[in-house]
Amino acid sequence: MAAAPLPMRDGVAPSYLWLPEGQWPDLLSFLLVRFPDVAEASWRDRMARGEVRDGEGRVLAPVSAFRRGMRIFYYRELAAETPIPFKEEVLFMDQHLLVVDKPHFLPMIPSGRFLHETLLVRLKKQFNEEELTPIHRLDRETAGVVIFSRRQDSRGAYQSLFQQRVIEKEYEALAPHLHGRDFPFTYRSRMVEGDKFFTMKEVEGEPNSETLIDVIEQRADCTLYRLLPHTGRQHQLRVHLAALGIPIINDAFYPVALPCKQDDVSAPLKLLARRIAFDDPLTGARREFFSRRSL
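Residue numbering for the sequence shown is 1 to 295, as defined by the UniProt record's numbering.
Right under this line is the structure:
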């Protein structure tokens with residue numbers, strides 16, 4: 001894809017949109033319908049600053065013609081964003097990879113009410129690297145090791161490790177005691193999208209998710225579990241432990257989705273991506289990274 005006609009700004013790369021089918025008297029009319037939460041004054045101000053452009057870099061105005069198939073670039077902006085009071089830690093960096101220890105509550109990428117307070121934007125701003133891209137993701141509520149690609153020409157080699165399921169991933173979780181099981185054991189189920197937004201659920205059918213569950217430590221009021229997912233379904237570990245009757249401590253989604261806590265960061269989900277290991281596809285060297293956080 002050709003370079004964007006707008007540069008990265010304060011760690012935020014420009015967003016883009018392909019104009020769809022439809023009839024609109026001008027570009028501003030379309031944008032007001034497409035983005036109902038963005039005020040007309042905001043679009044006019046962005047256009048006056050030259051921050052809405054087409055794929056050729058031409059500045060677009062409110063009265064610019066709406067042309068189906070045209071790609072427009074703009075910066076996403078938020079009127080207000082609550083700071084997240086937890087800091088990421090860089091564990092490793094070479095010319096291809098950046099490995100980071102992510103804190104709880106910090107989203108991976110911009111979405112919804114999060115923009116600057118995301119791990120990707122923080123790192124792009126810190127290292128001034130527009131090509132930085134996460135190779136895999138963790139939930140906002142989950143802390144631990146996550147890997148970013150620094151170069152587009154080698155990104156596919158590392159992404160293929162996750163697609164081929166040859167990455168070793170180890171998690172830790174605090175949850176209630178589980179009785180009547182011999183450890184370790186493997187739990188399998190079929191997971192599909194849930195009835196509520198952004199949740200998953202189990203259904204009858206051939207399993208498509210698998211987790212090895214073991215015990216690290218028995219504590220007075222809970223157990224510290226070691227979890228090795230053999231598949232990578234969304235919320236897999238959270239769903240599996242909830243299905244076993246031992247939901248992860250402070251899980252606001254499973255087994256029952258609770259009201260959104262908004263900016264409350266007082267009760268982190270007790271789930272940690274402890275370790276990632278793999279054979280480097282470029283050098284063949286063994287790579288192993290550990291989180292320095294604890295539950």
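Every residue gets a Cβ at the ideal spot worked out from N, C-alpha and C, and that includes glycine.
Anticipated Cβ contact below 8 Å, residue i with residue j, distance rounded
i	j	result
residue 106	residue 118	7 Å
residue 255	residue 268	Actually they do not touch by this definition, with Cβ atoms about 19 Å apart.
residue 73	residue 44	The Cβ separation is near 17 Å, so there is no contact.
residue 178	residue 120	Contact doesn't hold; Cβ gap of about 36 Å is too wide.
residue 159	residue 135	6 Å
residue 4	residue 16	7 Å
residue 272	residue 292	The pair is not a contact, with the Cβ atoms about 10 Å apart (cut-off 8 Å).
Simplified DSSP state of residue i, which is helix, strand or coil
i	result
residue 88	coil
residue 254	coil
residue 44	helix
residue 157	helix
residue 294	coil
residue 185	strand
residue 30	helix
residue 261	coil
residue 239	helix
residue 123	helix
residue 234	coil
residue 163	helix
residue 218	strand
Residues bridged to residue i (per DSSP)
i	result
residue 101	89 and 145
residue 73	16 and 53
residue 270	Looking at the DSSP assignment, residue 270 forms no beta bridge with any residue, so it has no partner.
residue 289	276
residue 213	185 and 227
residue 118	For residue 118, which the question treats as bridged, DSSP gives no partner whatsoever.
residue 9	12
Proximity of residue i and residue j at Cβ, strictly below 8 Å
i	j	result
residue 233	residue 209	yes
residue 138	residue 169	no
residue 226	residue 172	yes
residue 144	residue 286	no
residue 90	residue 289	no
residue 204	residue 190	yes
residue 68	residue 19	yes
residue 141	residue 104	yes
residue 224	residue 213	no
residue 71	residue 50	no
residue 130	residue 8	yes
Residue-level contact to chain D via CB, residue i, 8 Å cutoff
i	result
residue 83	In the displayed structure, chain D is absent; only one protein chain is listed.
Below 8 Å, can you find three or more Cβ-Cβ pairs linking the region 77-86 to the region 106-116? By the Cβ criterion, the region 77-86 is in contact with the region 106-116, since at least three pairs of Cβ atoms, one from each stretch, lie closer than 8 Å.
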